[in-house]
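The block underneath contains the structure these notes are about, expressed in structure tokens.
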Amino acid sequence: MGDNAGQSWHAGGLCRTNPDLFFPETRERTKSAQAVSICMTCPVRTPCRDHAIRKPERFGIWGGTTPTERSRIRRQSSTAA
Numbered sequence: 025m026g027d028n029a030g031q032s033w034h035a036g037g038l039c040r041t042n043p044d045l046f047f048p049e050t051r052e053r054t055k056s057a058q059a060v061s062i063c064m065t066c067p068v069r070t071p072c073r074d075h076a077i078r079k080p081e082r083f084g085i086w087g088g089t090t091p092t093e094r095s096r097i098r099r100q101s102s103t104a105a
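Numbering-wise (this note's numbering), the sequence shown opens with residue 25 and increments by one.
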């Protein structure tokens, strides 16, 4: 999941056990839901989500968020700034 430089949190991610689950095809809602569910209990969910919003990561489930959700968060953040 991207460049690990400066991402010491990355090694603790629950996604490491099944990374393919976190990059489902667009229409695979069941896989997306499974990945999000795993993220909700992940100890590195917050730094993962923050990374995906800042970078921005355009694909996959990161920190319990979909690409669409991250895009919305970025738009809301830029509007609030």
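All C-beta atoms, glycine included, are put in the ideal place defined by N, C-alpha and C.
If you're wondering where the values come from, they're calculated on a predicted model, not measured in any experiment.
Cα separation between residue i and residue j?
i   : j    : result
W86 : C63  : 8 Å
T70 : A104 : 20 Å
D44 : S102 : 31 Å
R96 : N42  : 26 Å
R82 : R40  : 19 Å
L38 : A76  : 16 Å
P48 : H34  : 19 Å
T90 : R73  : 10 Å
K55 : R78  : 24 Å
Taking Cβ to Cβ, would you say residue i is nearer than 8 Å to residue j?
i   : j   : result
V60 : G88 : yes
P67 : G36 : yes
Going by DSSP, which residues form a beta bridge with residue i?
i   : result
T89 : W86
Segments of 4+ residues assigned as alpha helix (DSSP H) that fall wholly inside the segment 41 to 78: For the segment 41 to 78, whole alpha helix (DSSP H) runs of length 4 or above, ordered along the chain, are 53 to 63 and 69 to 78.
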